[in-house]
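The next block holds one structure in the form of structure tokens; read it before the comments.
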Ligand SMILES: Nc1ncnc2c1ncn2[C@@H]1O[C@H](COP(=O)(O)OP(=O)(O)O)[C@@H](O)[C@H]1O
Ligand SMILES: [Mg+2]
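Residue numbers (this note's numbering), protein chains in the order written: chain A, 1 to 303; chain B, 304 to 522.
Given below as structure tokens:
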């Protein structure tokens with residue numbers, strides 16, 4: 001196995017040698033066990049993967065919203081609104097942690113209120129507070145200190161960092177994403193263990209075949225490859241089936257609802273739909289490694 | 304060299320050399336160690352003392368792949384034939400080619416010729432358990448020679464077949480020896496040895512009492 005794997009070696013591996021294949025008899029239940037285990041594990045892996053990808057997506061979105069969702073709300077009598085806003089901006093410009101601050105235009109404010117009052121509402125007639133949007137820099141701002149300063153310097157100005165309650169959610173989503181990847185690791189570990197068991201059973205059941213093959217001059221690598229090829233192809237097939245079923249299940253999952261909900265947002269988007277295709281490939285690698293190790297070990301023991 | 308299975312020496316301190324192209328019989332009472340000596344000769348067992356060289360190579364210095372390559376040069380007719388029962392007789396005979404990674408399709412003519420040489424022309428697709436004792440022995444011989452080995456080892460090849468059939472088998476082995484191959488036949492069938500002596504210059508080795516001795520010419 002020291003030499004480089006060439007493409008034609010891989011195709012040889014897939015097409016195989018029909019004659020050589022027959023030397024090892026079909027291995028009944030181990031074949032079905034491998035196929036079944038690979039399919040089930042791949043099915044589970046699709047969901048773990050979807051969970052990871054969705055949670056990572058949510059965590060990213062929430063984190064970016066968090067970074068720019070502090071506002072200062074100014075309530076002042078009609079005539080003093082402008083002056084108060086300017087005073088607040090001055091305070092904000094000298095506050096550490098504030099990357100930029102901007103007074104929202106009337107149009108923007110109207111848009112924010114639309115969902116609650118409808119498009120026809122004559123907002124001019126209402127005493128609407130002025131909003132200043134704050135974009136924080138990486139360090140983040142010290143909300144308590146800012147609050148105290150505003151209280152002293154700009155009466156009627158209130159800092160609203162309402163999105164802060166989401167901070168633990170961001171952490172939780174990130175953790176969930178990690179747990180998803182961890183589960184995928186566990187799923188493939190179990191797949192490897194099951195395939196090792198099945199391969200060991202197949203090797204043990206074929207001890208006599210192995211003896212005869214050796215008597216007529218078969219090398220260990222040749223005997224091992226007969227088993228490795230079978231188990232790898234079976235695992236890839238099973239995993240592809242399980243993956244297809246898992247993806248189908250995701251596709252029929254009800255969608256819609258708020259964009260940032262984990263439940264209705266579980267799944268892949270855009271290019272991330274390609275992720276599940278990696279599952280059969282990884283399953284193939286796991287099966288290859290597991291069977292190769294099992295075969296080498298057994299062949300060493302069967303002297 | 305010497306060999307022991309653990310409980311006392313079975314073959315003690317024997318010195319032997321088999322020149323290429325010779326024809327040997329290996330005889331001795333049951334349990335004397337004939338099969339054991341043959342197993343040493345194709346690398347299934349390693350001597351427990353002393354040195355054994357096959358084709359001028361020290362067997363102890365060979366790894367498993369080395370042993371596998373060695374076996375491609377030594378055709379063995381095993382006492383119990385050692386077929387794969389799920390494969391047809393033709394596939395069993397071709398197995399040494401298969402495991403050596405050689406094309407069986409390309410050797411079809413060769414295989415057919417070999418099968419008719421051992422008188423199994425019509426039995427290609429039969430499974431091993433469907434064959435008679437004599438047919439099995441001849442199929443085993445065909446498998447032993449398909450790689451055109453330099454040496455043929457046969458362990459009791461006439462063990463459970465009738466006289467006529469054993470004569471046919473002997474004839475095949477004599478033919479192989481005339482082609483220049485070294486032949487060693489383990490047997491306790493003295494009739495077979497006598498029959499061979501009229502056809503070929505055969506030497507007889509006898510294992511008795513842990514030793515090997517050249518048997519007298521009066522056999
Ligand atoms: N694998 C083994 N383990 C222990 N003893 C063995 C083994 N194989 C053979 N023997 C013993 O070695 C002796 C010689 O066996 P064998 O070489 O088969 O004799 P032969 O072929 O001359 O009849 C016998 O007593 C047999 O019981
Ligand atoms: Mg014997």
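Here a beta-carbon is modelled for each residue, glycine too, at the ideal position from N, C-alpha and C. Remember, it's a predicted structure, so these values are computed and weren't measured experimentally.
Check, Outcome
"Coarse secondary structure for residue 386 of chain B, derived from DSSP in three states", "coil"
"DSSP bridge partner residues for residue 130 of chain A (one or two, in chain order)", "A:74"
"Chain A within 8 angstroms of residue 356 of chain B, Cβ atoms only", "no"
"Residues of the stretch 201-222 of chain A with Cβ closer than 9 angstroms to any Cβ of chain B, in chain order", "208, 209, 211, 212, 213, 214, 215, 216, 217, 218, 219, 220, 221 and 222"
"Cβ contact check for the stretch 353-365 of chain B and the stretch 414-422 of chain B: 3 or more pairs under 8 angstroms", "no"
"Cut-off 7 angstroms between Cβ atoms - residues of its own chain near residue 291 of chain A, not counting five sequence neighbours on either side", "195, 199, 227, 228, 231 and 232"
"Option in A:219, A:52, A:137 and A:106 with minimal Cα separation from residue 172 of chain A", "A:52"
"Helix, strand or coil at residue 85 of chain A [DSSP, three-state]", "helix"
"Inter-residue spacing [alpha-carbon to alpha-carbon] between residue 61 of chain A and residue 91 of chain A", "29 angstroms"
"Three-way DSSP call (helix, strand, coil) for residue 365 of chain B in this model", "coil"
"CB of residue 191 of chain A within 8 angstroms of CB of residue 41 of chain A, strictly", "yes"
"Buried/exposed call for residue 1 of chain A, threshold 16 Cβ in 10 Å", "Legend: pLDDT at residue 1 of chain A = 45, less than 50; position of this residue unreliable, no value from coordinates given."
"Per DSSP, cross-strand counterpart(s) of residue 102 of chain A", "A:133"
"Near ligand 2: residue 337 of chain B beta-carbon under 7 angstroms from a heavy atom", "yes"
"Residue-level contact to chain A via CB, residue 385 of chain B, 8 angstroms cutoff", "yes"
"Near ligand 1: residue 327 of chain B beta-carbon under 7 angstroms from a heavy atom", "no"
"Any non-hydrogen atom of ligand 1 closer than 7 angstroms to residue 306 of chain B Cβ", "no"
"Counterpart residues of residue 325 of chain B in DSSP-defined beta bridges", "None; residue 325 of chain B has no bridge partner."
"Which of helix, strand or coil DSSP assigns to residue 309 of chain B", "coil"
"Where residue 463 of chain B falls: helix, strand or coil (DSSP)", "coil"
"is_contact[residue 361 of chain B, chain A] using C-beta, thresh 8 angstroms", "no"
"Residues, ordered as in the chain, of the stretch 362-374 of chain B that lie near chain A by beta-carbon distance below 9 angstroms", "367, 368, 370, 371, 372, 373 and 374"
"CB contact check: residue 399 of chain B to chain A, cutoff 8 angstroms", "yes"
"Under 7 angstroms by beta carbon: chain A residues contacting residue 458 of chain B", "Within chain A, no residue comes near residue 458 of chain B; the closest Cβ sits about 12 angstroms away, beyond 7 angstroms."
"Beta bridge counterpart(s) of residue 172 of chain A as assigned by DSSP", "Residue 172 of chain A pairs with nothing; no bridge assigned."
"Neighbouring residues, chain A, relative to residue 437 of chain B (Cβ below 7 angstroms)", "Near residue 437 of chain B there are no residues of chain A at all, since even the closest Cβ is about 21 angstroms away, more than 7 angstroms."
"Neighbourhood of residue 307 of chain B by C-beta, 7 angstroms cutoff - its chain only, sequence neighbours within 5 removed", "313 and 351"
"C-beta atoms of residue 74 of chain A and residue 156 of chain A nearer than 8 angstroms", "yes"
"Any non-hydrogen atom of ligand 1 within 7 angstroms of residue 313 of chain B CB", "yes"
"Cutoff 8 angstroms: residue 473 of chain B Cβ touching any chain A Cβ", "no"
"The stretch 207-222 of chain A / the stretch 289-303 of chain A touching (three or more Cβ pairs under 8 angstroms)", "yes"
"Any non-hydrogen atom of ligand 2 closer than 7 angstroms to residue 347 of chain B Cβ", "no"
"Contact with chain A by residue 390 of chain B, beta-carbon distance below 8 angstroms", "yes"
"Buried versus exposed call for residue 525 of chain B [16 or more other C-beta atoms within 10 Å across all chains shown]", "Chain B is shown from 304 up to 522; residue 525 of chain B falls before or after that span and cannot be answered."
"Among A:139, A:106 and A:116, the one whose alpha carbon lies nearest that of residue 129 of chain A", "A:106"
"C-beta neighbour in chain A for residue 311 of chain B, strict 8 angstroms", "no"
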